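Residue numbers (our numbering): 425 to 730. Everything below concerns the one structure shown next.
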Ligand SMILES: Nc1ncnc2c1ncn2[C@@H]1O[C@H](COP(=O)(O)OP(=O)(O)OP(=O)(O)O)[C@@H](O)[C@H]1O
Ligand SMILES: [Mg+2]
């Protein structure tokens with residue numbers, strides 16, 4: 425990763441009638457960075473991505489994407505961006521190679537044979553090139569999807585929920601691949617609803633209702649939330665949830681496996697809430713809030729625009 429910015433945009437805004445789907449979003453992404461883009465359903469992630477790659481005209485905003493003006497040079501940007509859309513699909517009764525060749529043909533790519541070959545080699549698809557896409561397992565399908573949006577050798581990849589519905593092993597393999605490609609200098613902006621994937625990003629941006637709520641590395645986002653979390657182990661934790669949730673200062677009381685996480689942003693209020701239960705058979709310890717704790721906190725916080 426270097427300090428040069430692949431994306432540097434400010435005030436990006438998109439309205440659909442009276443709805444402000446993206447509301448003055450600033451985003452900086454360094455070259456070679458894997459940047460996560462998080463937010464609940466309908467928060468504006470896809471709309472923002474479509475503006476970045478020139479598929480949607482912003483109502484406001486300015487900046488640079490891959491050295492080009494994001495408002496006036498969208499054609500030049502499109503040529504250097506690979507966009508893996510939400511619910512990406514391919515032709516199940518064509519082989520890997522045929523799918524890639526077809527896509528290359530559609531986009532009128534020069535030196536198509538070589539481009540298809542390079543994309544397959546980069547993603548380790550050569551040995552399976554004659555396999556029908558419909559018979560691939562989830563992880564290989566995602567690799568094919570990634571290869572398809574890399575045929576024109578983009579510098580920036582915009583991946584919109586690339587692993588939705590994919591099993592954990594395949595997701596891990598896919599993310600290993602993304603890290604390898606980032607090492608080679610490719611830049612990624614990736615939306616995901618999976619917190620374990622978000623934790624694998626170099627930096628994160630978190631939006632809700634079209635507005636940026638927080639940005640930074642995983643540690644910065646967790647620290648910025650000021651969230652305090654206590655975990656308790658013991659029998660029948662379920663019955664603690666309702667009384668704890670009624671206490672002032674308790675934002676969340678949620679079971680994780682064999683423990684219950686209790687979170688809030690006022691340390692003394694949270695401590696006071698758990699004090700009546702600090703006795704046998706309960707065992708309490710303060711823990712680092714998880715990214716999921718922070719996500720839920722950001723969603724429940726009064727500051728979230730509704
Ligand atoms: N073409 C459109 N016309 C009108 N409203 C739209 C259009 N595209 C998106 N919206 C609205 O804009 C808001 C943001 O949608 P968007 O698809 O960007 O959210 P998202 O964060 O990608 O959600 P998800 O996580 O479900 O994919 C939503 O309220 C959506 O209904
Ligand atoms: Mg979306």
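Here a beta-carbon is modelled for each residue, glycine too, at the ideal position from N, C-alpha and C. Only a predicted model underlies this, so the values are computations on that prediction, with no experimental measurement involved.
Just to confirm the assignment, what range does the beta strand (DSSP E) spanning residue 636 have? Start and end: 635-640.
Sequence-distant residues of the same chain with beta carbon closer than 8 Å to residue 501, five excluded per side
Close CB contacts of residue 501 within its chain, under the 8 Å cut and outside five residues either way in sequence, are with 476, 477, 478, 489, 490, 492, 494 (chain order).
Confirm, please, whether the CB-CB distance from residue 466 to residue 630 is below 9 Å. The answer is no: Cβ separation not under 9 Å.
CB of residue 629 to nearest heavy atom of ligand 1: below 8 Å?
-> No - ligand 1 has no heavy atom lying nearer than 8 Å to the Cβ of residue 629.
Legend entry - Element boundaries [beta strand (DSSP E), containing residue 526]: Counting along the chain, no beta strand (DSSP E) covers residue 526; the unbroken alpha helix (DSSP H) around it starts and ends at 520-530.
Review point. Which same chain residues, not among the five before or five after residue 723, have their C-beta less than 7 Å away from its C-beta?
Key: Closer than 7 Å at the Cβ level, and outside the excluded window around residue 723, lie 464, 632.
Hey, how far is the Cα of residue 659 from the Cα of residue 706? Straight across, the Cα-Cα distance linking residue 659 with residue 706 is about 8 Å.
Check: Looking only at its own chain, which residues have a Cβ that is under 8 Å from the Cβ of residue 730, when we skip the five neighbours before and after it?
Finding: Legend: pLDDT at residue 730 = 45, less than 50; position of this residue unreliable, value from coordinates given subsequently. Short of 8 Å from the beta carbon of residue 730, and not among the five residues preceding or following it, lie these beta carbons of its own chain, in chain order: 633.
Exercise for review: Tell me where the beta strand (DSSP E) around residue 452 begins and ends.
Suggested key: 443-454 is the span of the beta strand (DSSP E), which, as asked, contains residue 452.
| field | Those residues which DSSP pairs with residue 507 across a bridge | value | Answer by DSSP bridge pairing, in chain order: 582.
task = Could you check what DSSP says for residue 540 in three-state terms: helix, strand or coil?
result = Looking at residue 540 - three-state DSSP - the assignment turns out to be helix.
query = From residue 648 to residue 580, what distance separates their C-alpha atoms?
reply = Taking the straight line joining both Cα atoms gives about 28 Å.
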